[in-house]
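Numbering (the UniProt record's numbering), first residue to last: 1 to 1099.
Following: one structure in structure tokens, then a few remarks.
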């Protein structure tokens, strides 16, 4: 009846009247309240609560039946099994298993959420415990009369009649907390159940802790007390890496302890206000002024080493009394000593902080992980992922062992050093005290023996004798200065030797123009302008600076390797941006390892490559700088010393021929107008699609400056009389980007010219299989003074026609190129002696685009000549030098045709007949087979000023010089072994005169010849990334190379691209990438269909 009533109340059905139940009004009200609270519960929860309430009421109202006494129940904490639900225990039997813990009734996720939202605590509630007991009572009957069920045990704990059951009566204590205070008043059986639950919870916690300890012991490696013992468990190839890291940490820790002690010592000195001993000694030194001057010295307002013309020393008139020059000198030295001490102490503080941060475990773990990452890149394909994870865990344990063992060792060593120093100090003090109380006769005997060892006779000596400060003789000298003066003895000091006067000319030669040039000056100038003096010493700071540039290049290569690249034209026309590639973790680790290794970089000793002869020559040139100038000569003939007035007159003559002088205001106005016009034109071209925005921005990048070009000359010693060649350096002018753009844009057009050659190598390739018809001869021509002679109007008309013809498919682009050429020719300004000159005729020789302009300009002449003279067999031209083959009797006619194209372009015949010289070739026409034989041509004026071997250049530069010249001689003496051997011997002799080893050069040349005559199959070379450093004899290249290769991954197999690491390191092998498709309508697309192009190298 109670269950029916409660079920109806919970489910909301029609319920029988309360009078049918054996309960009072208070109990009924309590049931109604609880039923209303359960209306929103899950059906499963409502069913459970119904049974729980029914059991609660049934147990509360049931009469107390007499039961047999129950034996004490005992739970064994050693067992892990639970008492099954409904199982009974015989009377007097002691349980071998603990009582069952409070169980979860199996709520669903939705039910749990509803219970939590409604404020009902699911675990450890009285209703849940009651449910467990109810389920136990509803199981089958006990096996015997002497057995008692769990329900019977519970019935003994019901309250007295007429008292409601408290809500917290069955509440178990949470794990780890004592039972509630209300549980103290529970009946004995209920307390027993609560104790069983609590003991089971404690046992479960103990078992869980034991399982955690066992699991941790199985997962962690064997405990080690010494890192050396654990080191043997690692891979053999990984052990050297760990040893090196431990050694570096040990050294850094020792440095940290040492620098920290020094910092504390310096801090104590600074707090006391004293000076360090070294600075104190420096501050007390005096200067040897004559006594008469010291008594009459006057204080100056300012002290300057040199006085300019018209200046004089100013004295202070407001100071009364004599001026103590010695006190002022000591005060100045003390101020300087304090400044030096502050400088040293401040950087010592920074040094201590640096090593403190360096030995921090977090940073050391990063260093260790970086080394492991590099090792993993080298041996990653041999280790599984699970093994790598296990190795990383072991590395942390190894690092902790090193930290725990090395730090106490370093502190102990430091304490021992302190004790040893203090002990030595005490012993020295004791010995000094015994020395002072020694018998005078013994002390005098020791001093006499020391004096007897000095060279020379008694009395005043010409050379001063130096005795150690710890001897007996030094003691007597200090006590009696007259002895030191009599016998010329000093204690612990050296005598400075007078410096020899450097070699140079007398001052009486200054201002003269008819002086004689010394031989040592000519010897100095014979080194050439490419000679570099070794004056810049290497340092660790300079080496560390280059690591950032190397990281940037590696990260850039990785970034563009992982992103597909579109075809890029005008590669030289790009702006410098602040963009930085994304950092790759492997490259970052590589950079940290480089910084860690190279921080201890020590340079070699600087060996200077200049002597007193060079210093004397520079001094002589400086003394005569107002009378002479050193100018480089044309045709690589070296440097020449010419009068300064001749240089000025020749420069003015050349400027007046092709330009006129303008004021700076006119130049600024003209430049501003041209900038506005050019900017407007570029904007129109961008809108028309003729040029991209990026290229337009590149051309405008220097519009904010007003820089102009510089003017100088080059002496033509091979001409009679000697004249100058004008050189205009326009690389720093504001219109220089426009010149670079036009050079790039016109390069495809220049490559299509049939009669233009880029070097003598192009001519050799065409002459190898050439057969000259009978009656034909060889001829060479050159243009007289080409660049200044070009008429700009004629040039613009010719170049416009060729440009529009070449880009007929894109007329807008061709028209834009012609307009930009006009702009460039209109802004040719140079500066000489603070005057600005506007060039209005010819092409400037220092402009980057001038070579392309001249070649394209004369290319129209080539077409004109070949069209008019059909009897010309071959016509090849290199800028203003031409080589031709035509009938010998047509020489005059050809020369006439050459000079009718334009009056300013004057051709001169420089050679004709069966043998001619062209560029660096000596060509000879064979009479038998009518072929052309060639060998190397050497000009009679050639000074063979090869780079001196003593110059401060890397060894690879001298090696490249020998290899390059050998390759040139082999190319220009093809099929002529005798001439090749002759020129090689001459080359070796000239190298020997420049300081080279003749046998070493010969051996290197023979290796080069062997490779040229027996070429091997071409192999893909790894992509190189350069670690840039200014070369010096003090640069320790071997150390830098060793560190760079130490942490770099080895070259991967070219046939297995999958073995490449995630990021390129300096020794990573390349992998070919697909060539991007070229655009047909691009102005620079000059690829021939079907011709293979070199694939882009992938790191």
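Glycine residues also receive a C-beta, built at the ideal position from the N, C-alpha and C atoms.
Taking all protein chains shown into account, decide if residue 292 is buried (16 or more other Cβ within 10 angstroms of its Cβ) or exposed. As a first step, residue 292 must be located in the chain shown, where it is residue number 292. Label assigned to residue 292: exposed.
Cβ neighbour criterion (16 or more within 10 Å) applied to residue 972: Position 972 of the chain shown, counted from the first residue, corresponds to residue 972. Residue 972 comes out buried.
Classify residue 65: buried if its beta carbon has 16 or more other beta carbons within 10 angstroms, exposed otherwise. Translated into positions along the chain shown, residue 65 becomes position 65. Caution applies to residue 65, whose pLDDT of 42 falls short of 50 and renders its modelled position unreliable; the model cannot decide the point.
So what does residue 1016 bridge to, in DSSP terms? Counted from its first residue, the chain shown places residue 1016 at position 1016. For residue 1016, which the question treats as bridged, DSSP gives no partner whatsoever.
Alpha carbon to alpha carbon, how far is residue 656 from residue 951? The count along the chain shown starts at 1 and reaches residue 656 at position 656. The count along the chain shown starts at 1 and reaches residue 951 at position 951. Rounded to the nearest angstrom, the gap between the Cα atoms of residue 656 and residue 951 is 40 Å.
Identify which residue in 384, 763 and 701 has its Cα closest to the Cα of residue 876. Your numbering for residue 876 matches position 876 in the chain shown. Nearest of 384, 763 and 701 to residue 876, Cα basis: 763.
Within its chain, find whatever has a CB closer than 6 Å to the CB of residue 603; leave out the 5 residues flanking it on each side and keep chain order. Counting from 1 along the chain shown, the entry for residue 603 is found at position 603. Excluding positions up to five away in sequence, the list reads 538, 1034 and 1036.
Assign residue 1076 to one of three DSSP states: helix, strand, or coil. As a first step, residue 1076 is located in the chain shown; it is residue number 1076 there, counting from the start. Caution is warranted here: a pLDDT of 33 is assigned to residue 1076, below 50, making its placement in the model unreliable, and the coordinate value is therefore given only provisionally. Note: residue 1076 maps to coil in three-state DSSP.
Taking Cβ positions, are residue 735 and residue 827 nearer each other than 9 Å? For this step, residue 735 is matched to residue 735 along the chain shown. For this step, residue 827 is matched to residue 827 along the chain shown. Yes, the pair counts as a contact, with Cβ atoms nearer than the cut-off.
Mapping the DSSP letters down to three states, classify residue 874 as helix, strand or coil. Residue 874 sits at position 874 when you count from the first residue of the chain shown. In the structure shown, residue 874 sits in a strand (DSSP, three-state: E or B).
Mark residue 660 as exposed unless 16 or more other C-beta atoms lie within 10 angstroms of its C-beta, in which case mark it buried. Counting from 1 along the chain shown, the entry for residue 660 is found at position 660. So residue 660 ends up on the exposed side.
Output the boundary residues of the alpha helix (DSSP H) element that contains residue 902. Position 902 of the chain shown holds residue 902. Per DSSP, residue 902 belongs to no alpha helix (DSSP H) and is neither H nor E.
Helix, strand or coil for residue 633? Go by DSSP, reduced to three states. Your numbering for residue 633 matches position 633 in the chain shown. Here residue 633 sits in strand by DSSP.
Would residue 798 pass as a contact of residue 789 if the rule is Cβ separation under 9 Å? On the chain shown, residue 798 is found 798 positions in, with the first residue counted as 1. On the chain shown, residue 789 is found 789 positions in, with the first residue counted as 1. Cβ atoms of residue 798 and residue 789: not closer than 9 Å.
Let me know if residue 907 comes out buried or exposed under the rule of 16 or more other beta-carbons within 10 Å of its beta-carbon. For the purposes of this step, residue 907 is taken as residue 907 along the chain shown, with counting starting at 1. By the 10 Å Cβ count, residue 907 comes out buried.
Leaving out five residues before and five after residue 525 in sequence, what residues of the same chain have Cβ atoms less than 8 Å from its Cβ? Counting from 1 along the chain shown, the entry for residue 525 is found at position 525. Excluding five sequence positions before and after residue 525, the CB atoms of its chain that fall closer than 8 Å to its own CB belong to 617, 630, 638, 639 and 641, given in chain order.
Please identify the residue among 541, 284 and 556 whose C-alpha is closest to the C-alpha of residue 601. Position 601 of the chain shown, counting from 1, holds the residue named residue 601. Looking at 541, 284 and 556, the one whose alpha-carbon comes closest to that of residue 601 is 541.
Out of 256, 845 and 527, point me to the one whose CA is closest to residue 946's CA. In the chain shown, the residue the question calls residue 946 occupies position 946. When each option's Cα is compared against that of residue 946, the closest is 527.
Excluding the five sequence neighbours on either side, which residues of its own chain have a C-beta within less than 6 Å of the C-beta of residue 717, listed in chain order? Looking up residue 717 in the chain shown gives position 717. These residues qualify, in order along the chain: 633 and 637.
Does any CB atom of chain B fall closer than 9 Å to the CB of residue 302? The structure shown contains no chain B, having only a single protein chain.
Same chain only: Cβ atoms within 7 Å of residue 1002, ignoring 5 sequence neighbours per side: Translated into positions along the chain shown, residue 1002 becomes position 1002. Taken in chain order, the residues that qualify are 988.
In terms of residue numbering, what span does the alpha helix (DSSP H) encompassing residue 357 cover? As a position in the chain shown, residue 357 is number 357, starting the count at 1. Element bounds for residue 357: 325-358.
Report yes or no: do three or more beta-carbon pairs, one from the region 306-314 and one from the region 356-376, lie closer than 8 Å? no
Extent of the continuous beta strand (DSSP E) run through residue 927: Numbered from its first residue, the chain shown carries residue 927 at position 927. Taken as a continuous stretch (DSSP letters only), residue 927 belongs to no beta strand (DSSP E), as it is neither H nor E.
Closest to residue 729 by CA distance: which of 847, 745 and 720 is it? As a position in the chain shown, residue 729 is number 729, starting the count at 1. The candidate whose alpha carbon is nearest that of residue 729 is 847.
In terms of residues, what are the limits of the beta strand (DSSP E) holding residue 465? The residue given as residue 465 occupies position 465 in the chain shown. In this chain, the beta strand (DSSP E) harbouring residue 465 covers 465-467.
I need the straight-line Cα distance from residue 714 to residue 926, nearest angstrom please. Taking the chain shown and counting its residues from 1, the one referred to as residue 714 is at position 714. Taking the chain shown and counting its residues from 1, the one referred to as residue 926 is at position 926. Approximately 39 Å, taken between the alpha carbons.
Hey, out of 929, 665, 587 and 1010, whose CA is closest to residue 374's CA? By 1-based counting over the chain shown, the position of residue 374 is 374. Answer by Cα proximity: 587.
Could you say if the region 333-350 and the region 273-287 meet the contact criterion of at least three C-beta pairs nearer than 8 Å? yes
I want to know whether the region 816-835 touches the region 738-752 - three or more CB-CB distances under 8 Å. yes
Which of helix, strand or coil DSSP assigns to residue 590: Taking the first residue of the chain shown as 1, we reach residue 590 at position 590. Secondary structure of residue 590 (DSSP, three-state): helix.
Given 8 Å, three or more beta-carbon pairs between the region 664-684 and the region 863-879: Judged by Cβ distances under 8 Å, the region 664-684 makes no contact with the region 863-879, as fewer than three pairs qualify.
Please classify residue 555 as buried or exposed, where buried requires at least 16 other C-beta atoms within 10 Å of its C-beta. Residue 555 sits at position 555 when you count from the first residue of the chain shown. Classification of residue 555: buried, given that the 10 Å Cβ count is 16 or more.
Counting along the chain, where does the alpha helix (DSSP H) carrying residue 964 start and finish? In the chain shown, counting from the first residue as 1, residue 964 sits at position 964. Residue 964 -> alpha helix (DSSP H) spans 955-972.
Contact defined as beta carbons within less than 8 Å: I believe residue 606 pairs with residue 534. What is the distance between those atoms, to the nearest angstrom? Counting from one through the chain shown, the residue named residue 606 turns up at place 606. Counting from one through the chain shown, the residue named residue 534 turns up at place 534. With a Cβ gap of about 7 Å, residue 606 and residue 534 count as contacting.
Tell me the rounded alpha-carbon separation between residue 245 and residue 417. As a first step, residue 245 is located in the chain shown; it is residue number 245 there, counting from the start. As a first step, residue 417 is located in the chain shown; it is residue number 417 there, counting from the start. Each residue's Cα considered, the two are about 25 Å apart.
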